[in-house]
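Notes to accompany the following structure.
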Amino acid sequence: QQQVKQSPQSLIVQKGGISIINCAYENTAFDYFPWYQQFPGKGPALLIAIRPDVSEKKEGRFTISFNKSAKQFSLHIMDSQPGDSATYFCAVGGFTGGFKTIFGAGTRLFVKA
Amino acid sequence: DAGITQSPRYKITETGRQVTLMCHQTWSHSYMFWYRQDLGHGLRLIYYSAAADITDKGEVPDGYVVSRSKTENFPLTLESATRSQTSVYFCASSAQGVIEAFFGQGTRLTVV
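Here the protein sequences come in this chain order: Z and H. So the first sequence is numbered by our numbering: it starts at -1 and just counts up by one. So the second sequence is numbered by our numbering: it starts at 494 and just counts up by one.
This is the structure:
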């Protein structure tokens, strides 16, 4: 049962461009939506997260857009840099019923210099 | 050193053998998790623990056993390793369950 669907699987963006990664979820009980960034040979690390009471959250060049009615959220990376090249995972979590986080399949981003 | 550490980093084992992956965290986080990472599947939750002596199944628990006698340790045991358990295993910990999980460096396990 795939509870989180992430797209695209891979993405190539020019330096300075905008990278957009999308996620869709099924269970409306989820109320915490983080994005994790993973570099090769490393564990994932939290990048940015949002709660469903807001529609957008921005931290530097990274923005989460959240559409509660559509059960979708996305990560926008503005002014993409080669150092942003990594795998990005969306995830969903719930503060009730188990406190566990479920991850999407991941998106490999490559930013061309 | 503070943080979360996994050992070993790399392991090759034979089909049918028992193998244990270790995870240790120094933050006294209540929550700990085991994930496996496979291409095309992302991170899938194997088991998690909300506190010492409290564990629960995740999405893919079959063939795995966990224990948590101390808050800081959360070992994962493959009772009889199979080739399908070849994967990269990540341990994570969190103070508040879903809020910001901190991941270890991973253990690359190959079952031959």
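Where a beta carbon is used, it is the ideal one built from N, C-alpha and C, also for glycine.
Contact list for Gln598/H against chain Z, beta-carbon separation under 7 Å = Result: Lys40 and Gly41.
Taking only beta-carbon positions, decide if Tyr557/H is within less than 8 Å of chain Z.
-> It does not: the Cβ of Tyr557/H has no partner Cβ on chain Z nearer than 8 Å.
May I ask you to report which of helix, strand or coil DSSP gives Pro80/Z?
-> Pro80/Z sits in a helix when the DSSP states are folded into three classes.
Taking DSSP as the reference, what is the three-state secondary structure of Gln4/Z?
-> It is a strand residue.
Does the beta-carbon distance from Tyr538/H to Gly551/H come in below 8 Å?
-> The sequence given here has Leu at residue 538/H, not Tyr. In this structure, Gly551/H lies closer than 8 Å to Leu538/H by Cβ.
Determine, using beta carbons only, whether Phe112/Z comes closer than 8 Å to chain H.
-> Residue 112/Z lies beyond the range of chain Z shown here (-1 to 111); nothing can be said about it.
CB-CB under 6 Å to Gly14/Z, same chain, minus the five flanking residues each way: which ones, in chain order?
-> The residues are Asp77.
Residue interval of the beta strand (DSSP E) (run including Val581/H) = Judged by DSSP secondary structure, Val581/H falls within the beta strand (DSSP E) whose first and last residues are Ser580 to Ser587.
Rounded C-alpha distance that separates Leu107/Z from Thr564/H | If I take the Cα positions, the gap works out to 36 Å.
What first and last residue would you give for the beta strand (DSSP E) that runs through Lys55/Z?
-> Where Lys55/Z is concerned, the enclosing beta strand (DSSP E) stretches over Glu54 to Glu57.
Check distances from the C-beta atoms of the region 527 to 538 of chain H to those of chain Z and list, in chain order, the residues that come in under 8 Å.
-> Within the region 527 to 538 of chain H, the residues whose Cβ lies closer than 8 Å to some Cβ of chain Z are Tyr528, Gly533, His534, Gly535, Leu536, Arg537 and Leu538, listed in chain order.
Of all the CB atoms in chain H, is at least one closer than 8 Å to the CB of Gly91/Z?
-> Yes, contact with chain H.
Given that Ala131/Z touches chain H, what residues does it touch there, using C-beta distances under 8 Å?
-> Outside the shown range of chain Z (-1 to 111) lies residue 131/Z, about which nothing can therefore be said.
Might you give, ordered along the chain, the residues of its own chain that have their beta carbon closer than 7 Å to the beta carbon of Val558/H, omitting 5 neighbours on each side?
-> The answer, listed in chain order, is Thr570 and Glu572.
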